[in-house]
Amino acid sequence: MKYTPPFYGSAYYPESWPKEKIKEDIALMKEMGMNVARIGEFAWSNMEPKEGKYDFSFMLHVVSELDKEGIATIMGTPTCTPPAWLTQKHPEVMIVNSHGVRETHGARRHACPNNPVYREYTRKIVTNMAQAFKDCDSIIGWQIDNELYNNGNDGRGCCCNVCYGKFLEYLKEKYETLENLNRTWGMYVWSLNYTEWEQIPIPRNNVWHHPSYLTEWMLFQARSYKEYCDFQADILHEYLPEDVPVGTDMMPFLGLDYEDMNEKLDVVQFNYYRFTPNLWDIALWADYMYNVLDKPFWITETATCWGGGVACTWHNDENLCIANTMLPVILGSNANLYWLWRNHFAGQELMHGSVVNSHGRPMHIANEVKHIASSLRKLEDMINNTYPKRSEIAMHISHHAWTLYMFQPMVNGFDYYNAFTGDVFKPLMESQLRSSVISEGMDLSKYKVVITSFVPHIERKELNKRILEWVKEGGTWIAGPMTDIRTYVANKYMAKPFGMLEDVTGTRLAFTLPGGRKYTAVSDSGEVLEFKENANSFDAYEADESTKVLYKYREGYLKDYAAITETKVGKGRIILLGSMPAPESFAGFIKAIAQEEGINPFDASGNVVVQIRKNTETDEDEYLACVEVTNMEGYITAIFDCVDVIDGSTYKKGERIIMAPFSFRVLRKI
Ligand SMILES: [Zn+2]
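Taking numbering that gives the first Met the number 0, the leading residue of the sequence shown gets 0, the next gets one more, and so forth.
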C-alpha cells in the first residue's frame with residue numbers, strides 16, 4: 000500500500016465546484032495536515048452524465064491532483080443518489096412509503112434496495128468505476144453507498160411491489176406453510192390468519208398491524224439492505240487489488256445489523272455526530288465498531304464543529320473538535336475524516352460545519368485541526384503497532400432487540416437505545432468499568448462477565464446455547480431485565496415466561512409489574528439497592544433451593560419476592576436481574592461482581608474515557624490513552640511510569656494527572 004495510517008482528512012465534493020478550485024482546496028488540505036480525502040459518494044451524474052456514457056476523467060484528475068500533494072483517496076460508490084435521467088426513465092426504482100406514495104427525484108437514499116432495474120444500474124456504475132479506478136494506487140479504500148438505512152421515510156422501509164414480492168418469497172422459504180406462519184406469528188388473534196400467501200398485506204401506517212408481521216417485515220428490510228451492500232461488495236472485490244479494503248458507512252443507530260452488514264466487508268466505516276451532552280456514547284460505539292471485525296476501523300464522518308441542514312444545529316465549545324476526533328482514535332480507529340471539507344454553497348446541508356467555509360477560509364477550529372494533525376503523526380506507533388485492550392466485561396447490543404421494541408416497547412416510555420446506552424453502559428463507564436460492546440454472534444470467550452439486558456430474544460445466532468456453554472465453563476452472566484422473554488417475531492413464549500432462564504436457574508417468575516413507582520430491594524447483609532422508577536419493569540421471583548436470593552424487594556405487591564437471584568451453573572453462574580437498578584445502584588452492584596472476578600476499575604474521574612493499548616507483537620501494556628468527554632476538568636492515575644507522547648512530560652506510576660476539559664493524553668510506558 001502506497002499510503003499508511005493514520006489517515007486524517009474529510010469528505011470532499013469537487014464536482015459541485017469550478018475545476019480551478021481543486022488546486023486551492025488541495026493546497027489548503029495539505030496546510031491543515033490532512034492526508035486523505037473521501038470523494039465520489041454522491042457524484043453519479045458527474046461520472047455517468049447520460050445513460051451508458053461513462054466519464055471518469057474528472058474524478059481521475061481529482062485523485063491524481065490529491066496524490067501529487069501526498070493525499071490519499073477513499074472512493075465512494077454513488078448509488079444513494081441516482082441521476083435524474085435514471086429516475087425519469089425508471090420512476091419504479093424509487094422507494095414507496097407506507098402510505099403507498101412513491102418518492103420522486105430530489106433527495107438521496109431513496110431508491111429501492113431490491114428493485115432489479117436499480118440493481119442493474121448499480122451493477123453497471125460500480126463495475127465501470129472499479130475498472131476505471133482499480134489501478135490508482137493512491138486509493139486506500141472504497142465505501143459502498145452512503146449511510147444505508149432501512150427505517151427512513153416513515154419507518155417501514157420500502158413498501159413497493161418488488162419488496163413485497165420478495166417478502167412473500169422470503170416467508171415461503173422460511174415458514175414453508177401458511178399454517179406454520181399463522182401459528183408462529185399468532186395470527187388466530189382477531190381472525191388475522193391467512194389462507195393464501197397473497198393475503199399478507201403490504202404494511203400501511205394507518206393500519207394497526209400485528210406486531211409479529213411488522214417485526215418480520217423490518218427484519219426483511221434490514222436483510223434487503225445487507226444484500227444490496229453485499230451485491231456491490233462482490234463487484235468491487237472482483238476488480239480491486241486484494242489489499243484495498245471495502246466498507247460501508249454505518250451510523251449510531253440499530254436499524255441494521257452491523258455484524259451481518261460487515262460479513263463480506265474488509266473495514267468497518269462509521270459516521271457519527273455528537274456534541275457536548277452525548278459525546279460519551281461514542282465510547283460505546285467505537286468499542287463496538289472495533290469488535291465487529293476485530294481490527295482498526297475508520298471514522299468516515301464526524302463534525303468539526305456543528306451539524307446542520309439549512310440551519311446550524313448546535314454550538315460547540317472550544318476543543319470539542321479535539322475530544323470528538325481523538326476519542327475514536329484511542330479506541331481503535333486509524334482513519335478519521337470529517338464531514339465535510341469545504342462547506343457547500345448550495346443544497347440541503349449548506350449550514351453544516353466543515354473544515355473551511357464555503358469561501359475557502361479556514362473555520363474557527365482550524366488550529367484544533369492542525370493540532371490533531373500534528374498529534375496524529377506523533378501517535379503513529381500507538382495507532383499502527385498497538386491495539387485497544389478489551390475489557391473483561393462485555394455487554395450485548397442488539398439490532399434485533401431494537402426492531403422488536405420498535406413495535407412493542409412493553410412498558411410505557413421505554414426506549415431501547417436510551418435504556419442500553421444510558422442505563423446499562425453509562426453508569427459503568429462513569430465508574431471506570433467501561434465494558435466491551437458486542438452483538439449476538441460475537442465470541443464470548445474473551446470475557447469473564449457478560450451483561451445481557453433488554454434483549455428480549457436470545458435465540459438468534461444461537462446466543463442462548465452459546466452463552467450457556469460459556470457459563471458452564473466459568474462465565475458470569477448477568478441476564479435481564481426484559482431478556483429471553485420473546486420469540487424471534489416478538490411473541491411471548493406460550494408455555495412459560497422465559498425461553499430458557501427459568502429452566503437453567505431454578506428461579507420462577509411469579510408476576511411482573513410495569514414501572515411507575517419507586518421500588519427498592521435489600522440484601523441479606525442489609526445493603527439497599529434502588530431501582531429505576533420509570534420505563535422499567537419489575538419481575539417478582541420465587542427461587543428454589545438451588546438458587547441464592549441476592550436481593551429482595553421491600554415494597555407493595557413485590558414485598559419479599561426475590562428481585563435478583565444467583566444460580567451456579569457448571570463452573571459459572573447466572574445472575575438474574577428482575578429490574579433495572581438506578582444508575583448508581585447498578586454501578587455499585589456490577590463493581591462488586593467485577594471485584595469477585597478480579598476485574599478492577601481504572602483510577603480516573605468518570606468524565607475521562609480511558610483505554611490501555613497493548614503491543615501487537617509482545618501483547619504487553621504499552622500505552623495509557625484517555626480523553627475527557629464532558630468539557631469539565633478530570634483526572635487519571637498513571638498505571639506505570641510514562642511519558643506524554645504529545646508534550647514530552649513524564650509521570651511516575653501512581654501519580655495523579657489532571658485532564659483539562661476536552662483534552663486527550665497518550666502516555667507511553669517507560
Ligand atoms: Zn422496494
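Ideal Cβ positions, reconstructed from N, Cα and C, are used throughout, including at glycine.
Per DSSP, cross-strand counterpart(s) of residue i
i	result
V448	I392 and T475
T546	T566
L623	I611 and L666
S223	BP columns for S223 are empty, so no partner.
R655	T636
I573	W476 and T566
G246	Q142
E541	R507
V355	R341 and P361
A561	Y540 and K551
V527	V521
V92	Paired residues: none, contrary to the question.
T649	V642
Residue range of the unbroken alpha helix (DSSP H) whose run includes residue i
i	result
C320	L319 to L330
S435	Where S435 is concerned, there is no enclosing alpha helix (DSSP H), although the beta strand (DSSP E) it sits in stretches over S435 to I437.
A26	K20 to M31
T86	A83 to K88
I371	A365 to K377
Simplified DSSP state of residue i, which is helix, strand or coil
i	result
R612	strand
Q594	helix
T214	helix
C641	strand
R101	strand
M46	helix
E532	coil
F424	helix
Y556	helix
Y53	coil
I589	helix
A603	strand
A494	coil
Y687	There is simply no residue 687 to check, as the chain begins at 0 and stops at 669 in what is shown.
F419	helix
P13	helix
A110	strand
L239	coil
A232	helix
N335	strand
Y2	coil
T121	helix
P660	coil
P115	helix
Continuous beta strand (DSSP E) stretch holding residue i: start and end
i	result
F510	T506 to P513
F57	Run containing F57: none in the beta strand (DSSP E); it sits in the alpha helix (DSSP H), S56 to K67.
R37	V35 to I38
Y7	F6 to A10
T402	No beta strand (DSSP E) holds T402; the alpha helix (DSSP H) holding it covers H398 to F406.
M74	A71 to G75
T519	T519 to V521
Y386	T385 to P387
Distance cut-off 8 Å: residue i Cβ against heavy atoms of ligand 3
i	result
N149	Within the structure as shown, ligand 3 is missing, the only ligands being ligand 1.
Short CB-CB distance (under 9 Å) between residue i and chain C
i	result
F252	Going by chain labels, chain C is absent from the structure shown, which holds only one protein chain.
Query raised in the report: Can you list the alpha helix (DSSP H) stretches of 4 or more residues lying completely in the region 126 to 211, in chain order?
Result: 160 to 174 and 177 to 184
Query raised in the report: Should the region 448 to 456 be regarded as contacting the region 472 to 489, the criterion being three or more beta carbon pairs within less than 8 Å?
Result: yes
Report task. Entirely within the region 256 to 327 and at least 4 residues each: give me those alpha helix (DSSP H) ranges in chain order. Result -> 257 to 260 and 280 to 292
Query raised in the report: For the 8 Å Cβ check, are there 3 or more pairs between the region 98 to 115 and the region 48 to 64?
Result: no
**Report entry** the region 339 to 349 contacting the region 375 to 383, beta-carbon criterion three pairs below 8 Å
**Finding:** no
Report task. May I ask you to verify whether the region 451 to 468 touches the region 490 to 510, counting CB pairs closer than 8 Å and requiring at least 3? Result -> yes
Query raised in the report: Any contact of the region 176 to 191 with the region 158 to 167, i.e. 3+ C-beta pairs under 8 Å?
Result: no
**Report entry** Three or more C-beta pairs below 8 Å linking the region 654 to 667 and the region 293 to 310
**Finding:** no
Report task. Answer yes if the region 4 to 21 comes into contact with the region 30 to 37, meaning at least three C-beta pairs across the two stretches below 8 Å, and no otherwise. Result -> yes
**Report entry** the region 201 to 212 in contact with the region 123 to 131 per 3-pair CB rule at 8 Å
**Finding:** no
Report task. Count the CB pairs spanning the region 550 to 557 and the region 509 to 518 that are closer than 8 Å, and state whether there are at least three. Result -> yes
Query raised in the report: Is the region 590 to 597 in contact with the region 348 to 365, if contact means three or more CB pairs nearer than 8 Å?
Result: no
Query raised in the report: Contact between the region 435 to 442 and the region 251 to 258: three or more CB pairs below 8 Å?
Result: yes
Query raised in the report: Should the region 570 to 587 be called in touch with the region 405 to 416, which here means at least 3 C-beta pairs below 8 Å?
Result: no
Requested in this report: Inspect the CB distances between the region 219 to 231 and the region 370 to 378 and report whether three or more fall short of 8 Å.
Outcome: no
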